[in-house]
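Be aware that the sequence shown starts at 0, since it is given in numbering that gives the first Met the number 0, and climbs by one per residue. No residue lacks a Cβ here, since even glycine has one placed at the ideal position from N, Cα and C.
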Amino acid sequence: MMYAWAAPEYILDQMSMEQVMMYYEKGVKAVELQAKVFWSVLGQAMSGESGSESEKVSDNSDKPDLKRFHEIYGNVIKRSVSTAAP
């Protein structure tokens, strides 16, 4: 059971067959992903690996990289100031 509300009685009485199959498929995929992550982390721990490069934190991690931000988003994100009173 993935969620507390998803009792077998509720699923059978309130959901269509397509919804039940979708719910089941997503549940199976979630369990498979959870198992892959678990075994991957366990394998890294057993082999002594410290993790991926993205998990390593640099000493400037608390400062935003504005140059990289503007390379990615450019002028797409704009701030607008509303002067109208609520």
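Between Tyr2 and Met14, the C-beta spacing is not below 8 Å.
Just so you know, the alpha carbons of Met20 and Leu65 end up roughly 46 Å apart.
The C-alpha of Asn74 is placed about 43 Å away from the C-alpha of Leu41. If only uninterrupted beta strand (DSSP E) runs of at least 3 residues are considered, none is enclosed by the segment 6-35. Take the alpha-carbon of Leu32 and the one of Ala5: they are about 20 Å apart.
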